[in-house]
Every structure is written in structure tokens, then in C-alpha cells.
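Down below is the structure, laid out as C-alpha cells.
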Amino acid sequence: MDQVIKNYISSLRLEEAQQFKNMAVFPIFTSLDGGPDYLTLKEALERALLLVTEVSSAGSVPELKVTNRGDIGVLLLDGEEVAGAKQNRVLNTTILVKEKSETIIPVSCTEQGRWSSVSSSFRDSDTVMSPKLRVEKARTVAASLQNTGEYRSDQGTVWREINKMAAKADTVSQTGAMRDVYQAKMKDLDEYLKAFTYIPTQKGLLVLIGGEVLGFDFLSREKAFEVLFPKLIKSYAMEALLESKGNGFPPEKSKAEAFFQEAVECAEKKYESIGKGWDYRYEGKTVVGSALAVGDKVVHMAFFRVPESDRSGEMASTRQRRRFRL
393 MDQVIKNYIS SLRLEEAQQF KNMAVFPIFT SLDGGPDYLT LKEALERALL
443 LVTEVSSAGS VPELKVTNRG DIGVLLLDGE EVAGAKQNRV LNTTILVKEK
493 SETIIPVSCT EQGRWSSVSS SFRDSDTVMS PKLRVEKART VAASLQNTGE
543 YRSDQGTVWR EINKMAAKAD TVSQTGAMRD VYQAKMKDLD EYLKAFTYIP
593 TQKGLLVLIG GEVLGFDFLS REKAFEVLFP KLIKSYAMEA LLESKGNGFP
643 PEKSKAEAFF QEAVECAEKK YESIGKGWDY RYEGKTVVGS ALAVGDKVVH
693 MAFFRVPESD RSGEMASTRQ RRRFRL
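To convert, take the position in the sequence shown, counting from 1, and add 392; that gives the working numbering.
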């Protein structure tokens, strides 16, 4: 593992866990400073500094155009969703968009049944893809990078996993929209949102469901993490809602800390990022992850437990669906 990434993981400190029903959250802190300054997607859109649109009037499912009008970078998080235009999409990887720039970004469709314009640009959907879906998407993106150098997902896999999530949640969407599943479960998700609290200077969270580690997200800047905290809680809470594991499992800090070591032991591949910095991809026998580093600073990293039923010990197959353009 690159020494910069390893140093950051080694610096992570867990504070006392917060728990609600079958979900426990360990707040993550670090003594390392925050690196480059940036806004989140939500902040940049609210300030009208960022414009997210289809790449053309015809559109292209796996690509969007991002225009940053500001004098500051904008962080787009892996799995973060934008809604509107021809169909909702999620980011295929974390990107730090350069200031005063126009960038074509790689995305996946999260609304299979719609290809008709409802707006000229995208808005923040206030949703991040659930960890298990991020795992499946990440594995196909890693395979694409290894074989083609492109940040493409297997769109069929993404749609299949969204359909499985909707069925498990007993929800129906007319357009097959992932966001509709979250909206249908909003009353339950709100209970989780109220139960977990952001702590000043917190930069990440590590989550256990039913006493077992699900994964963690870390951001370099505490302000950015504070903005993204509700989205991330909802993302992990969706997994908690869909799991059959019971309540009351005491969160074991030793399990959480051991997960950091598993992350360090993962095999690593490095690619030039779409925006600033370098994109790192990780795989272990039971863990997959990614990190974005700019210079000697880690801007974002996320590692997840591979589901028990899907531990092949290898990345996803190299099949890549090419029926993207509509």
C-alpha cells in the first residue's frame, strides 16, 4: 500500500460508538491536517458555482458534464447521486473537480425506466448509494480500469442490484429509481438520522450492522464531512433496514480497529484521477476500497466488507456492457 494512504489509515482514531437498533457508528478522527480546500456537491450547487448537465442534447448514459465556475475545487463523492435531466445518476468514483473547469465525469444510471428530460440540469438528490451497491459498482469499475483504463461500471450489475434492493425493501418505482426506495423508507431512515450525531472535528465514520463491520468513509476536511454526514448515515442505515440481523449487538472496538488493518493489507492499483490527484483501488479477500489522494494528502477513502455470499477472492469479471449510448 502507498505510504501516504497507509499513514492516513494508521492515524485514524475511533471514539465511543453511537448505537441505534442494529447499527453502530464509531466516529473517526485524525491528527493529520485537511489538505486542499474544496466544497461539497451540495454546497457548490447551493451557491450556484457548479452546473451538472447531460453531455449533449442527446445525452450519454455513462457520462455527465460538470462545470465548476468557482475559484475552489468541488468534491464529488463516489456513489453520490444527482437527480433530474434525462435520468438520475451516481458517481463512479470520487473526483476533486478543478476550479474554473469543465469536466466529463463517469457515472452510472440509477433510474432504469426513464430516458426523458425533466430539467436542463441536475440537482443534489440528497442520496448516496448504499455500501453493498457501492461494493458491486466499485468492483466492476476496478475491472474496467484494469482492462480499458476507463472508470466505467457494468450498468447491468448496477440496475440488478438496485432492483434487488427495491424488492428487499418491498417498494416499487415506476422508473426503477434508486432514490424512490430511499423516499419510501424515509420515515424509518429519519429515525436513524436522529439517533446519530456529528461530533465537532469528526472526519469519518466506521459502521457495524448486527455487530459486524460494514465499512468506513473518511474525508480530509471536517466541514465537508459535516455536510455529508446525513447522506452517509442514510446510506449505511439503508443496509441496516434491509438486514435481518437483530438489535442489541454491543459494538466491539477491536473488530473496528482490526478492519483498518485488513484495509492496509489489500492489494493496490493506482490510476490518474479524472480531476485532481490520483485514484487508488484496493482489494483483499474480504475487503474492497478506494482512495483519492492529492499530493501527500488523502482527500477521501472508503473501504467495505465484501458480502459473505460474494467472496470470490478476485475482482468482478471483466465483462463490460457496451450498450451505454442511447
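Just so it is clear, CB atoms sit at the ideal spot from N, CA and C, and this is done for glycine as well.
Given the structure is predicted, the values throughout are model-derived calculations rather than measurements.
Proximity of the region 561-579 to the region 397-411 falls short of the contact definition, fewer than three beta-carbon pairs being nearer than 8 angstroms. Within the same chain, Cβ atoms closer than 6 angstroms to the Cβ of L468 are found at L433, L483, I487, the five residues on either side in sequence being excluded. For L441, the three-state secondary structure derived from DSSP is coil.
Only exposed fits D582, as fewer than 16 other CB atoms lie within 10 angstroms of its CB. The Cβ-Cβ distance between A436 and V474 does not fall below 8 angstroms. Residue environment analysis places Q479 among the buried positions, since at least 16 neighbouring C-beta atoms fall within 10 angstroms of its C-beta. V605 counts as buried, since at least 16 other C-beta atoms from the protein chains shown sit within 10 angstroms of its C-beta. Straight across, the Cα-Cα distance linking Y663 with Y590 is about 32 angstroms.
Closest option to K677, judged by alpha-carbon separation, among D572, R531, K560, T563: R531. Taking the Cα positions, S511 is about 22 angstroms away from M521. If you compare the alpha carbons of G462, D671, I420 with that of L611, the shortest gap goes to I420. Classified as buried, A629 has 16 or more neighbouring CB atoms from the shown chains inside 10 Å of its CB. A Cβ-Cβ contact shorter than 8 angstroms links V679 with C658.
Judged by DSSP in its simplified three-state form, Y430 adopts strand.
Sequence-distant Cβ neighbours of M570 in its own chain, meaning closer than 6 angstroms and more than five residues away, are T502, I554.
In the structure shown, M630 falls within a helical segment according to DSSP collapsed to helix, strand and coil.
When DSSP reads this structure, G596 sits in a beta bridge with I420, F610. Between the region 644-654 and the region 447-465, the count of Cβ pairs shorter than 8 angstroms is below three; the stretches do not touch. Counting only runs of 3 or more residues that sit fully inside the region 637-683, the beta strand (DSSP E) segments are 659-664, 670-675, in chain order.
The criterion of a C-beta distance shorter than 8 angstroms is satisfied by L406 and K645. The criterion of a C-beta distance shorter than 8 angstroms is satisfied by L624 and L597. Taking C-beta separations shorter than 6 angstroms and ignoring five residues to either side along the sequence, the partners of T519 in its chain run E473, R571, Y574, following chain order. Inclusion of K556 and S545 in the CB contact set at 8 angstroms is not warranted, their separation being larger than that value. The C-beta distance from M415 to V698 rounds to 19 angstroms, too long to meet the 8 angstroms contact threshold.
According to DSSP, N460 shares a beta bridge with L442, S493. Checking the DSSP bridge columns, you'll see M521 has no partner listed. Excluding residues up to 5 positions away in sequence, P454, E455, L456, R481, V482, L483, N484 lie with their Cβ nearer than 7 angstroms to the Cβ of V499 in the same chain. Counting other Cβ atoms within 10 Å of its Cβ, D429 stays below 16 and is therefore classed as exposed.
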